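For the protein sequence lines, the chains are W and D, in the order given.
Here the first sequence is numbered in my numbering, starting from 1 and rising by one per residue.
Here the second sequence is numbered in my numbering, starting from 1001 and rising by one per residue.
Read through the structure below, which is laid out as structure tokens, and then see the notes.
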Amino acid sequence: MERSFDLKVDSDARTSPERAPKIRRLRAPSSRSARALGTKAALAGVSIGMLFLLWYLATRYRVQFYIRFHDVPTPLEVFGEARHMVGSHKFAVDVGSSVRRIFAGFFIALLSGVGLGLLIGRYRIVSQLLTPAIEVMRPIPAIAWVPLSIMLWPTTESSIVFITFIGAFYPILLNVVDGVESLDGVLLRAGRCLGASEAQLFWHVILPGVLPNIFTGLTVGMGVAWVSLIAAEMISGQYGVGYYTWEAYSLVDYPAIVLGMITIGALGLLCGGAIRLVGQWSMPWLSYMNGARK
Amino acid sequence: MSNASKGRIDCRNIGVVFGSGDAQTEAVKDVSITVEPHEFVSLIGPSGCGKSSLLSIVAGFTKPTRGTATLDGVPIRKPGAERGVVFQQYSLFPWLRVRENVEFGQKMAGVSRAKRESTARTLLGLAGLLAFENHYPDQLSGGMKQRIGIVRALAANPQVLLMDEPFGALDTQTRTVMQEILTNMWQRFRLSVLFITHDIEEAVFLSDRIYVMTARPGRVKAEIRVPLPRPRTPAMFDTPEFVELVHRLKNLIREESLAAMGSELASGGVGGFGIEMGPNGVEEML
């Protein structure tokens, strides 16, 4: 019996088109992929180059048509400021404070947003208990929390972290809730039929199933966290890149304003990129799903 | 893998009613079916006859409005590893590689890594899928995903296998091959199987016994024993016994499908939809 069975499987495999290991993502020939990569890099260079060119032209010729570039520093002036500042102790302290605040606020938002999101998405009773309160609080932007936050928290530092947390929390929470609610029910049924307990279902089915939503929430949450942090630092801060930028404005140090802006952008870019990298690393299966990208 | 004379499914006087008040519909009415240990039983009937409702009761996903379902005398209350389910939709976990999917049931049961890896590899080998053990489900074709679904259910060491139109989404060629693989697998493991399908040839080829269900509300219209010898081979599709049995079942099902579609067809006849058509067909009428 065993022999005839094996024979069957073999003949199936021979005639079946499934025989060859099929990889959906066919690798393009290397010369073509190298050219594609070259095109991509060139276009990226042009894209950012245009930005600098416009900036240069507008400030070099002091363009004025309703908006005034009269006092805006040129790229070279900002570069000079950067050479002077980057590497200085003051600048390192500012960047360090901002990064530390982002990490603290974002990390607390990550834990609470994912945890609460899973519970709200899974249990109707938790959702009915918590969703009304959350929906009432959610329209209040993180920046609007600044005055109250200063009253609430004993130190400036903790109040800024709190505002950062508020910014990151809602996008993470909402994406996780949405992920649990839209998880394919057949996966849960399959898990239960394979003997998974409720706790195992959470850990082995629901959590990996909503991981893509979690990372979407983290990406959006990180963006909002930076917005909230910078606003909070500008209003109430000591140290931090937001404070640095506002201080530069107060001291009429124009190149420093733009340097602060660029620093904020670069830090946001780095944080977003880091989340994307961790996402790709922890969800390798996603690269085999067919999206709509042409 | 074998469970000596265990795996008896017994459904008694099952009734299923959906909704309440005026919107109430009776999906299943007073159905009693059994699957003996090591027996392969199919449930066929027109769509909407409640065959999937019955399977989901045995699986433990839903509770019957009336009647009881038991496995080896124990009432079924919720899903459990002793009842493996193969779904019509693809249900592999997309974030797990093929072998991790197959290991899932044993992992939940706390089986050691080495033990479950060897079980998974053995079963994948039998299904001709060992070469794909490190692939992700989204890299595979529909037929392969469904085969892995069966292997995954088997790897959890169930006493019975419940299959809800598992080949419904596959093309005809793949389907035929899958039926052959399934009958060979069954020959090897001899699990009790409750198999839902609307494909009559499929039911005859695979089963020891077939329940034919009526249109909604679903009742058991006929219970037919398949006299074909085991092991089953594709050559049997052409034997007179096979053809005759399929013919008989087709007539039974046809009656029910007509009943299900109701009076609008009865008035006009199935052939012409009540429309007289000239020699130029539809074109003439426009």
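By construction, the Cβ of each residue, glycine as well, lies at the ideal position given by its N, Cα and C atoms.
The structure displayed is predicted, hence computed values, not measured ones.
Along the stretch 1072–1095 of chain D, going in chain order, the ones with a CB nearer than 7 Å to a CB of chain W are Pro1079, Gly1080, Ala1081, Arg1083, Gly1084, Val1085, Phe1087, Gln1089, Ser1091, Phe1093, Pro1094, Trp1095. By the 16-neighbour rule on beta-carbons within 10 angstroms, D:Trp1186 is buried.
Proximity to D:Ser1047 across D:Val1212, D:Arg1175, D:Val1086, D:Leu1170 peaks at D:Val1212, based on C-alpha coordinates. Between the C-alpha atoms of D:Ala1023 and W:Ala232 there is a straight-line separation of about 56 Å. Every beta strand (DSSP E) stretch that sits fully inside the stretch 1002–1042 of chain D and reaches 3 residues is listed by chain position as 1009–1018, 1025–1035.
If you draw a straight line from the Cα of D:Leu1249 to the Cα of D:Ala1222, it is about 9 Å long. Listed in chain order, the non-local C-beta contacts of D:Pro1079 below 7 Å within the same chain comprise Ala1059, Gly1060, Phe1061, local neighbours out to five positions each way being set aside. The beta carbon of W:Tyr288 falls within 7 Å of a beta carbon belonging to chain D, placing the residue at that interface. In the three-state reduction of the DSSP assignment, D:Gln1187 falls in the helix class.
Using a 10 angstroms sphere on the CB of D:Met1178, the tally of other CB atoms reaches 16 or more, which defines it as buried.
If you look at D:Val1243, you'll find it in the alpha helix (DSSP H) that goes 1240–1261. Of the other Cβ atoms in all chains shown, fewer than 16 fall within 10 Å of the Cβ of D:Arg1254; this residue is therefore exposed. When the alpha-carbon of D:Glu1201 is set against those of D:Phe1189, D:His1247, D:Ala1120, D:Arg1188, the nearest one is in D:His1247.
Residue range 1160–1164 is occupied by the beta strand (DSSP E) that includes D:Leu1161, with no alpha helix (DSSP H) assigned at that position.
Counting only runs of 4 or more residues that sit fully inside the stretch 1055–1133 of chain D, the alpha helix (DSSP H) segments are 1098–1108, 1113–1126, in chain order. Within the stretch 1109–1132 of chain D, the residues whose Cβ lies closer than 8 Å to any Cβ of chain W are, in chain order, Ala1109, Leu1126, Ala1127, Gly1128, Ala1131, Phe1132. For W:Leu194, the nearest CB of chain D lies under 7 Å from its own CB, placing it at the interface with that chain. Residue contact with chain W for D:Phe1237: absent (no Cβ-Cβ distance below 7 Å to any residue of chain W). Here DSSP, grouped into helix, strand and coil, assigns W:Ser97 to helix. Contact of D:Phe1104 with chain W is assigned, a C-beta pair being separated by under 7 Å. When Cβ pairs closer than 8 Å are counted between the two stretches, the stretch 1119–1128 of chain D is seen not to touch the stretch 215–234 of chain W, the count staying below three.
In the DSSP assignment, W:Tyr244 falls within the alpha helix (DSSP H) that extends over 241–250. Taken in chain order, the members of the stretch 1166–1181 of chain D whose beta-carbon sits within less than 7 Å of a beta-carbon on chain W are Val1177, Glu1180, Ile1181. Boundaries of the beta strand (DSSP E) around D:Ile1210: 1209–1213. When 7 Å is used as the limit between beta carbons, W:Val278 is near no residue of chain D, the shortest such separation being about 15 Å. A distance below 7 Å between beta-carbons, with the five flanking residues on each side excluded, links W:Val258 to the following residues of its chain, in chain order: Pro73, Val78. Fully enclosed alpha helix (DSSP H) runs of no fewer than 4 residues occupy 146–152, 156–181, 185–193, 198–201 of the stretch 134–218 of chain W, in order along the chain. Taking all protein chains shown into account, D:Val1074 has fewer than 16 neighbouring C-beta atoms within 10 Å of its C-beta and is therefore exposed. Interface with chain D (7 Å Cβ-Cβ cutoff): W:Ala225 is excluded. In terms of Cα proximity to D:Val1041, the closest of D:Asp1010, D:Lys1145, D:Val1098 is D:Asp1010. For D:Gln1139, the nearest CB of chain W lies under 7 Å from its own CB, placing it at the interface with that chain.
Straight across, the Cα-Cα distance linking W:Val205 with W:Gly115 is about 15 Å.
Sequence-ordered contacts of the stretch 196–229 of chain W with chain D read Ala196, Ser197, Gln200, His204, Val205, Pro208, Gly209, Leu211 [C-beta pairs closer than 8 Å]. Look at W:Phe65 here: in three-state DSSP terms it is strand. In this chain, the alpha helix (DSSP H) harbouring W:Arg276 covers 254–282.
In this structure, W:Ile108 lies away from W:Phe65, with their beta-carbon atoms at least 7 Å apart.
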